[in-house]
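Heads up, the thing below is written out as structure tokens.
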Amino acid sequence: MTSDIDDQLWSAVGDPMRRQMIDLLLVDGDGTATVLADRLPVTRQAVTKHLGVLDRAGLVHGTSIGREVRYRVDEAQLARAVAQLTVVGATWDRRMLRIKRLAESIQQAKNTKKNQPKQN
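Quick note: the sequence shown uses this note's numbering, first residue 49, plus one each step.
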């Protein structure tokens, strides 16, 4: 997959309202913009726009049924997002550990220098 797709994916899941929509769709199995709007503090039009972003990122897919579109989460794409997040989290954990060790080393050097007798 290209980084453009990854950017769309991260942009899509970066919004709290879209994450809430994904949660609702996962719990319910599927849903329409109307049903989601009834359960969220935004308009149906806003829900439709958010669903469009999620659809372009491949996180949801819509199926037309009459005048409504029923959306369902693409669990494979969601699993891909979770896997990427796990890798990113592990990378940042390693970085933070290196920073912590460096800070501890600096503090230890300061303490050692502070405890040395002064030379005249």
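Note that the Cβ used here is the ideal one computed from N, Cα and C, for glycine as well.
Please read all numbers here as calculations on a predicted model, not as lab measurements.
In the structure shown, Gly137 falls within a helical segment according to DSSP collapsed to helix, strand and coil. Around the beta carbon of Gln125, a 10 Å sphere encloses 16 or more other beta carbons of the protein chains shown; the residue is thus reported as buried.
Within the same chain, no residue comes within 8 Å of Asp71 by CB-CB distance, once the 5 residues on both sides are set aside.
The DSSP-derived three-state label of Thr96 is helix. Taking a contact as a CB-CB distance under 8 Å, the pair Arg120 and Asp78 counts as one, their CB atoms being some 4 Å apart. Inclusion of Glu116 and Ala94 in the CB contact set at 9 Å is not warranted, their separation being larger than that value. For a cut-off of 8 Å, the C-beta gap from Gly110 to Arg104 is around 11 Å, too long to register as a contact.
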